[in-house]
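Engineer:
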Amino acid sequence: MTKLNDILSPFTAWKHVVREPVTIKDPLNREAADRYRGFHKNDISECIGCGTCESICQNAAIDLVPVDGVETKDGDSGLRPRVDYGRCCWCGLCVDVCTTNSLSLSNEYTWVDEDPDNFRFVPGAENKSWDNREKGYKKPGNGYELYSPVRESMEELEPEQRDQSFIEIVQGYSKEQAEKEADRCVECGICVATCPAHMGIPEYIKAIRNDDLNEGLRVLYDTNPLPEICGRICTHKCETVCSVGHHGDPLSIRWLKRYIADQNPAEEYKKILNTETLQPTGKKVAIIGSGPSGLSAAHYLALMGYQCTIYEKLPAAGGMMRFGIPEYRLPYDQLDKDINYILSLGVEIKYNMTIGKDITLEELNKQYDAVFSGTGLHMGRSTRVPGTDHPEVYQAVDLLRDIVLGNEVPVKEKIVVIGGGNVAMDITRSLARLQKQKFGKVDMLTTSLESEDIMPADREEVIEAREENAVIDPGWGPVEIETEGDKVKGLHVVKCLSVFDENRRFAPKFDEEQKKFFPADMVVESIGQGMDLSYLSEEFKEQLKMDPRGRILVNDDFQTSVDWLFAGGDMIQGPDVIHGIANGHKAAMGIDKYLSDK
Amino acid sequence: MGTIVTKILYALLTLFIVTNYGLILSGVVRKIGARVGRRHGIRFYQPYIDLIKNYTFRTRITHGIMYYIGPVFRLTGGIGLLLFLPVIYGSPVFDNFSFAGDLTFVLYFQFFGVLGMALGAGESGHPYSALGVSRGLAQTTAMELPLTLGVLALAVQYHTLNIHEIVAAQQGSILHWTLFTNPLAAIAMMLSFLAMMGRSPFDVVLAPQEIPIGPPTEYHSALLGVLQLNRAIFPAAKLILFMNLLFGGATNWGELVIKTFFIYMWSVFVGIAYPRFRVDQSVRWYFGIPLLIGVAAILVVKYF
Amino acid sequence: MSKKLLKWNEDRTLFPEKNSEGKIDVDYDSHKFMKIWHGPQHPGITGNMSLELTLLGDEVMDCETHVGYLHRGFEKLMERRKYIQCFPIVCRVAVPEPDFNEYCFASAMEELAGIEVPEAAEWLRTLVLEMSRLQSFLAWIGGQAGSLGQGIIGQWTIYLRDLILDRFEELTGGRIYHMYMLPGGVRGLLPDGFRERMTQNLDDIDKFMKDVKKVMFDNYVFKKRTVGMGVIDPAWINPFGITGPNARAAGVAKDVRKDNPYLKYPELDFEPVVGKDSDIYTRADVRRRDLLMTVDLIRQIMAKIPDKGDIRAKTPNVLHWKVPAGETYSRAECTRGEYGYYMVSDGTEYPRRINVRGPSYTHAVALLEKMIVNANIADVAGLMVSLHTYPPEIER
Amino acid sequence: MGKEYIEKRTVISPEGNPIEVDPLKDYFCDAAPKSCKSASGIIEKFANWARSESLWVLGFGTGCGAIEMRPLMTPRFDAYRFGIQWRPTPRQASVFVISGYLSVKTLKRVVRSYEQMQNPKFVVALGSCTINGGMYWDSYNTINRLDHYMPVDVYIAGCMPRPEALLAGFDKLKHIIREGRGEGANKYAENFDWYKGNQKKIIKDWDMPDYNW
Amino acid sequence: MQTIIENLQKHFQVVSYHQQRENLGFLIASKEVAVGLITHLRDYEGFAHLVLLTAVDWIEDEHFQLTYLLHHPEKKVDLGVRVMISRENAEMYSIHHLWEQARTYQRELREMFGINFPGSPDVDKPFILEGWEEIPPYRRDFDTKEYSEKTYFPRPGRETHDPAEYMKKKLYPNE
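Protein chains in written order, with the UniProt record's numbering: chain A, 1 to 598; chain B, 1 to 304; chain C, 1 to 396; chain D, 1 to 213; chain E, 1 to 175.
1) Which residue's Cα is closest to the Cα of residue 323(C): 7(A), 210(A) and 261(A)?
2) Excluding the 5 residues preceding and the 5 following residue 520(A) in the sequence, name in chain order all residues of the same chain whose CB lies nearer than 8 Å to its CB.
3) Once DSSP output is grouped into helix, strand and coil, what is the label at residue 477(A)?
4) DSSP three-state label for residue 320(C), please.
5) What is the DSSP secondary structure of residue 278(A), reduced to helix, strand or coil?
6) Enumerated in chain order, which unbroken segments of the alpha helix (DSSP H) with a length of 4 residues or greater are wholly contained in the UniProt domain "4Fe-4S ferredoxin-type" (176–207) of chain A?
7) Compare the C-beta of residue 393(C) with all C-beta atoms of chain E and state if any pair is closer than 9 Å.
8) Does any CB atom of chain B fall closer than 9 Å to the CB of residue 16(A)?
9) Under DSSP, the beta strand (DSSP E) around residue 19(E) begins and ends at which residues?
10) When you compare the CB of residue 96(C) with every CB in chain D, is at least one pair closer than 9 Å?
11) Anything in the segment 81–113 of chain E with a Cβ closer than 7 Å to a Cβ of chain C? List those residues in chain order, please.
12) For residue 173(D), which residues of its own chain have a beta-carbon under 8 Å away from its beta-carbon, when the five flanking residues on both sides are left out?
13) Considering only the beta carbon of each residue, do residue 18(B) and residue 185(B) sit closer than 9 Å?
14) So if I threshold CB-CB distances at 9 Å, which residues from the segment 15–29 of chain E count as touching chain D?
15) Could you check what DSSP says for residue 351(C) in three-state terms: helix, strand or coil?
16) Would you call the CB atoms of residue 298(C) and residue 127(C) closer than 9 Å?
17) Determine, using beta carbons only, whether residue 190(D) comes closer than 9 Å to chain A.
18) Does the separation of the CB atoms of residue 192(A) and residue 244(A) fall below 9 Å?
19) Given a cut-off of 9 Å on the beta-carbon distance, is the pair residue 442(A) and residue 469(A) in contact?
20) So residue 394(A) packs on residue 524(A), CB below 8 Å; how close in whole Å?
21) With 16 other CB atoms within 10 Å as the buried threshold, where does residue 96(E) fall?
22) Listed in chain order, which residues of the segment 258–272 of chain B have Cβ atoms closer than 9 Å to some Cβ of chain A?
23) Residue 120(A) by DSSP, collapsed to three states: which one?
24) Answer yes or no: do residue 545(A) and residue 561(A) have a C-beta to C-beta separation smaller than 9 Å?
25) Are the C-beta of residue 1(D) and some C-beta of chain B separated by less than 9 Å?
26) Go ahead and label residue 62(E) buried or exposed: buried means 16 or more other beta carbons lie within 10 angstroms of its beta carbon, across all protein chains shown.
27) In whole angstroms, what separates the C-alpha of residue 253(B) from that of residue 94(B)?
28) Compute the Euclidean distance between the alpha carbons of residue 116(D) and residue 268(B), then round it to the nearest angstrom.
29) When the cut-off is 9 Å and only beta carbons count, does residue 199(B) lie next to chain D?
30) Nearest-angstrom Cα distance between residue 66(C) and residue 37(C)?
31) Quick check on the DSSP output: the alpha helix (DSSP H) that includes residue 399(A) runs from which residue to which?
32) Taking only beta-carbon positions, decide if residue 136(B) is within less than 9 Å of chain C.
33) If we define contact as Cβ-Cβ less than 9 Å, is residue 187(A) a contact residue for chain C?
34) Compare the C-alpha of residue 280(B) against each of 61(C), 375(C) and 142(C) and name the closest.
35) Return helix, strand or coil for residue 20(D), following the three-state DSSP convention.
36) When burial is assigned at 16 or more other CB atoms within 10 Å of the CB, is residue 463(A) buried or exposed?
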């Protein structure tokens, strides 16, 4: 019976003959699934050309090529990915790893061509029929990340602990933390162009990952002889353009630099950096000022074999780094670590030597083959509102210098600071500490012309200042400092609507109706610094070419119009440490060129 | 003299109509098969295009003279078979060269095709062709046995070897069909018909999965076109033969189309449902039940 | 040993004696033998490999398998790719069911790197593996029927497979190559409406499989061709390294999902499908029942799978993921048997060596060469398909 | 077995002199392919129409793309309705679908199969692998670009291209044929030495005749 | 697992044993004892299933590591036997008499790594490659990319730019 069944049952297949075929009527226009990984799309305005897609592509299908209409600028390489469909496998890893989320895949999948050379295109730049498709593969959410978008948190002192003393706040990364943070780097190198010194950032981060800190230090010293300092107080322009920061926290490049410097003991620097013996050239260079640019120039000149002598007005080296930046941000022993290494290369330093008073520039020129000046900006600017000439109105730079020198600093119970830059924050927080020590409480108020979102101070500085109980009230323009005899009563302000005009020129607009009064016993001005060129003799000044705003003009080698005089640092470009370092480095190379040619 | 010329012209007309019918039928049947697989299948006129395309190939290679003759042989078999069949009963135009004893002739022609393939495919030198041909010959021989027994039973039953007369004997009522007057012979012949049409489970000769695709492996271009043409004519001729022998023939084209279509569908009906036998299995199978039925058919007509 | 096997052996006693190597002494000079190449361009060969057959009439006297037509040097290529870059290429090792490669690769790597995969991702992986089994089985059943000349089954099952591929497309974004299970997790949650459509497809498959059973398995000719054919002796299982349905059809309940449970299989209710007779028919039937079991498993998974949750563990940056030095072997049960990845890491960003153990490796070379001897040439295709071999995983 | 059966063998002629016979020359033609002139005008147009509507694909799964052939043949996509059919032997096929990467070992067989196909013949190349190496661009065993070894009519991008894309590719091929541009076979014949040179450069084990149609 | 190892140590010198996970362990055996050890494992300990046999090229240490991965079908545990053999004239005793499938593995190793297994059937026959003239491709000193570029004509017209280099060229070419 089963046999008969075996003969008959196959015929049941015929019941399907009357059913409608399941064939897709029009397969050529069938849309793929929503998540389908089809052809590439790229939002070319979002894309920064970081090349992470290229580096993850196992097929070498992606090239970075220049594209018309996309300019190379800070944070944007001006390159865009070009995909070779003779290589691509549509795995979508390029989409997953895309730092800006600009790359995606549409769900279009038909591309037929006779010419095999046509299968290459720059998504976004060349118009394709699928450019406007909504559907397609995008980077999934739900904890799906190919690299961590979250910064490794940094150990810091609690506000209660830090507001009494000048102990360093930031603790620095441990090995695990540093390696984890370094691991987030995608090695695109976008940051290098933005860093004024063009440091080899991806390379030293890679050195951390490979746990080869000696190599890391070598990379650092290629372009930056003050890594301990920069690792703490650099304005880290690099982090603002970090490609990882487009969707997530940027890498804390600064802390990683600090980690490398911290982990290498000072006594081994010479061995690591292979600077135990240097080939002297017999030529001598004088350097005015021991700030970042001076030290940087001295370092690279020393490496090139020049005998350098630094003339410093103050009794300690470091310039603004020592006298402008409070100790809680940059401890002196770390400052000394960097400086001492540079001095150990044979750089001589003469303290308490004021140019123009103890020795003139012309004399330096006679004694030395070239002179580098990095005298910086040490004169505080004033708002020049009524009342600023009162003795209880101070300049932030002066106060900061006094704190470092150990001079007595006038601290009152109620202090108002005018200014929104990092120096304003520094003085606010320094004075807050002194208030705490003296009165046991903090009553600081800092106001600035700029509103909160455009305040030039670093974000974390503002946050930390608030944590330390200082009041930050930005967006007010000072009108008058009310004084009464030898006492200051307070500061009158009006609302500031905008700081810059449409041409990005400084032209503040005020709303006179909105007024405020900040009562204070003491006012500190911190709205910027100017340079002090008093050490130059008048006839010398006439030889020097200046720009209309009173800055010394230099060429690409930081050579002034007087060929033996080079200048750099804040007075030329700035104001920040890393520019100074970069200037010093370039000036050193300029001096080398100048002296080799001579 | 005039009559023989008109006869030839009429035969050519028949050939033309049957060829077209065969081509369309093969297309339609493939479409029906595709429907079981829940798809649309080829366009019904696709066989025409395939044919044209094969004739328009620009190059062809040769394996020797028999390689050419093989397909021609086969085509001759197909056309020959057709020409000795009365296609439309009673029509002077489509009666062809039917004569007394044409039944034996037809049986021979029916084998002719395989022999033609054997010659040509053997010359092509491809091992698959050789395998396919040996399978084909073995299976055809096995299948011929019940078929011949059935035909003999018919000859005994109708006391003639003339197809025309066999058809004539079946006219009048559906119950006069051989199918009902001699069901055993009809069954034996219809089972042989399955193998004749080269469909599952008896398609081991072509078997693309085993010996791609058997005898015609090496055939291409116009020669394949010839084979294809034959694949339209030969089955159509066989259908007409079976229609004439078992289903009362046809008195007009409409009847012919309906009857042959259903006869064709019988092989398709079975073919879709089963996989294929190995050649030894199919030979054994034909030596089993169909052979017994064939013998029984002869015995029945002889003694009852 | 079953009676059927004995019968088969009796049937074959007319043919030349086998020598100690299990082959027949072939004297080519006798001109009795014919040599033919089955493949690589041959519709009866699964994938792209070839058999060099020596025939005596229709009977195969000697067989030598030739592989390497699809050799791409995966194991070499992976040595010069970072771990994440290996992820898109591993699935290409076996086209019909790429997901087992992805899973084995990911799990071996996760084990070496010490990464815990989130719950939701584990479930999704289980789902994808079972879907992959399902579609592979469906494609195979059509192939088995087709190899014996019954095309209609293939028409149906490939259509059913297309339904599963649609679901794959929806879930993973890929049709054939899914590239879904990357090290650390998966690449997406279930899309909206997925469950309903999946359930609908499973019902369709259930229904169609009933027809398939009637048309293909309860079939006189099919039984005639397969019962007692190509018997794998249970004693061969270990010497030939036979795994999967081929072993289970011989009555050995080898199933990695039960033996070395992975993913969420311990939470699913199933029993390995076992057969008795170990011939082509039994192997086909075991696979058919395995297919139905897979349908049931997918239903179970759909009932338990979470809609939300993390899909990927926190891993180091994949661009420079260094996997700690060590070596491991991870395996999974695919439709053909035990799939495994042997991974050796030397602590760098690049794998030191990855070796892929595909089940076809053992089935398609040594075993096939042994089994094909004495078969009829017409059975070669059916026999080969019944072992469910796939050439790319032999040569990789 | 080794290679004895393709090496030259010595036979004794009826006169008793030993002659060396090259078995490869025994079985195959020894003339390079010739470029064929197309028919003129309307006849060629008609022929091209027939060629385009009757694409017989050689069933040779050379790479992973073979997996998408099954869906094409089956109900979902049903390429038969567009006149696309599969043939098991190269002699009868007119379209060669190179389904993805070609290893050197396969290329040898592909070249042979291609040469056995009759003029006019068309080649459809699937996926990245045939365009520029695809995933296996740095593999020691797969070729990078197919057009160095045989003329290609249509490329379809994808890895793998979906059946729909394949149908679009066939559609394009039909257009090309109808426009009379599907002259790959003639191109092959005209640049025969170049193609052969390229093939021989990478197929180290060239144990087949130069001409085998 | 532990008991098996302890058992094993009674009969053989097991150099080191490393438990990778609960059901997988690796041990190192010397070339001379390896085949005896594997036979013992198969016949007395019940490791009846040879999962795989493969090699790792430790080119720095100038040796090949052969891994015989054995599976115990009843206890469901795996044991990897690692054998270090010299890279110079690499040769190992064959195990084709223990497992039929081993001859395939050995053929592959012979071809891809150049490790010889004297006595293994067909071991010198080409397996995967055809007409290969270079050093065995799975050896570490074979550079597949270089070989591919020189052999297979990569399509011309590709060029790429490093973002950092390109930005330097564009933004600060002189520094």
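Using N, Cα and C, we set each Cβ at its ideal position, and we do this for glycine too. Computed from a prediction, not measured in an experiment: that's the story for all the values here.
Structural biologist: Answer, in terms of the structure:
1) Your numbering for residue 323(C) matches position 323 in the third sequence. Nearest in C-alpha terms to residue 323(C), of all of 7(A), 210(A) and 261(A), is 210(A).
2) Residue mapping note: residue 520(A) aligns to position 520 of the first sequence, counting from 1. Closer than 8 Å at the Cβ level, and outside the excluded window around residue 520(A), lie 412, 414, 415, 416, 445, 488, 489, 490 and 491.
3) Here residue 477(A) is taken as the residue at index 477 of the first sequence, counted from 1. Residue 477(A) falls in the strand class under three-state DSSP.
4) By 1-based counting over the third sequence, the position of residue 320(C) is 320. Helix.
5) For the purposes of this step, residue 278(A) is identified with residue 278 of the first sequence, where counting begins at 1. Residue 278(A) falls in the coil class under three-state DSSP.
6) Within the UniProt domain "4Fe-4S ferredoxin-type" (176–207) of chain A, complete alpha helix (DSSP H) segments of at least 4 residues are found at 190–194, given in chain order.
7) The residue given as residue 393(C) occupies position 393 in the third sequence. Cβ-Cβ to chain E under 9 Å: no for residue 393(C).
8) The residue given as residue 16(A) occupies position 16 in the first sequence. Contacts with chain B at 9 Å (Cβ-Cβ) include residue 16(A).
9) Here the question's residue 19(E) lines up with position 19 in the fifth sequence. Unbroken beta strand (DSSP E) run through residue 19(E): 16–21.
10) Along the third sequence, read from residue 1 onward, the residue named residue 96(C) stands at position 96. True, the Cβ-Cβ gap to chain D drops below 9 Å.
11) Taking 7 Å as the Cβ-Cβ cut-off against chain C, the residues of the segment 81–113 of chain E that qualify are 99, 100, 101, 103 and 104.
12) Here residue 173(D) refers to the residue found at position 173 when the fourth sequence is read from its first residue. Result list for residue 173(D): 52, 55, 95, 122, 124, 153, 154 and 182, in chain order.
13) Reading the second sequence from its first residue, position 18 is the one you call residue 18(B). Reading the second sequence from its first residue, position 185 is the one you call residue 185(B). In this structure, residue 185(B) does not lie closer than 9 Å to residue 18(B) by Cβ.
14) So nothing in the stretch comes that close.
15) Position 351 of the third sequence holds residue 351(C). Reduced to three states, the DSSP call for residue 351(C) is strand.
16) To locate residue 298(C), count along the third sequence from 1; it is residue 298. To locate residue 127(C), count along the third sequence from 1; it is residue 127. A contact, by the Cβ cut-off of 9 Å.
17) Start at 1 with the first residue of the fourth sequence, and residue 190(D) comes out as number 190. Residue 190(D) does not count as touching chain A.
18) In the first sequence, the residue the question calls residue 192(A) occupies position 192. In the first sequence, the residue the question calls residue 244(A) occupies position 244. For residue 192(A) and residue 244(A), no; Cβs fall outside 9 Å.
19) Here residue 442(A) refers to the residue found at position 442 when the first sequence is read from its first residue. Here residue 469(A) refers to the residue found at position 469 when the first sequence is read from its first residue. Going by C-beta atoms, residue 442(A) is nearer than 9 Å to residue 469(A).
20) For the purposes of this step, residue 394(A) is taken as the residue at position 394 of the first sequence. For the purposes of this step, residue 524(A) is taken as the residue at position 524 of the first sequence. Separation of the CB atoms of residue 394(A) and residue 524(A) is rounded to 5 Å, and the pair is thereby assigned contact status at 8 Å.
21) As a first step, residue 96(E) must be located in the fifth sequence, where it is residue number 96. The residue is buried, with at least 16 neighbouring Cβ atoms inside 10 Å.
22) Cβ contacts with chain A come from 269, 270 and 272.
23) Numbered from 1 along the first sequence, position 120 holds the residue referred to as residue 120(A). Looking at residue 120(A) - three-state DSSP - the assignment turns out to be strand.
24) For the purposes of this step, residue 545(A) is taken as the residue at position 545 of the first sequence. For the purposes of this step, residue 561(A) is taken as the residue at position 561 of the first sequence. Yes, these two residues count as a Cβ contact at 9 Å.
25) The residue given as residue 1(D) occupies position 1 in the fourth sequence. Only weak support exists for where residue 1(D) lies, its pLDDT of 40 falling under 50; the value from the coordinates is given anyway. No, no contact with chain B.
26) Taking the fifth sequence and counting its residues from 1, one reaches residue 62(E) at position 62. Exposed, since its Cβ has fewer than 16 Cβ neighbours within 10 Å.
27) Against the second sequence, residue 253(B) aligns to sequence position 253. Against the second sequence, residue 94(B) aligns to sequence position 94. The straight-line gap from Cα to Cα measures roughly 10 Å.
28) By one-based count along the fourth sequence, residue 116(D) stands at place 116. By one-based count along the second sequence, residue 268(B) stands at place 268. The alpha-carbon atoms of residue 116(D) and residue 268(B) are separated by roughly 33 Å.
29) Within the second sequence, the letter at position 199 stands for residue 199(B). Judged by the 9 Å Cβ criterion, residue 199(B) is not in contact with chain D.
30) Stepping through the third sequence from its first residue, residue 66(C) is reached at position 66. Stepping through the third sequence from its first residue, residue 37(C) is reached at position 37. Rounded to whole angstroms, residue 66(C) and residue 37(C) show a C-alpha spacing of 10 Å.
31) Position 399 of the first sequence, counted from the start, is the residue given in the question as residue 399(A). Note, residue 399(A): alpha helix (DSSP H), 396–405.
32) Position 136 of the second sequence, counted from the first residue, corresponds to residue 136(B). No Cβ of chain C is located within less than 9 Å of the beta carbon of residue 136(B).
33) On the first sequence, residue 187(A) is found 187 positions in, with the first residue counted as 1. Closer than 9 Å: yes.
34) On the second sequence, residue 280(B) is found 280 positions in, with the first residue counted as 1. Closest option to residue 280(B), Cα to Cα, is 375(C).
35) For the purposes of this step, residue 20(D) is identified with residue 20 of the fourth sequence, where counting begins at 1. Residue 20(D): strand per DSSP, three-state reduction.
36) Against the first sequence, residue 463(A) aligns to sequence position 463. Exposed: under 16 other Cβ atoms inside 10 Å.
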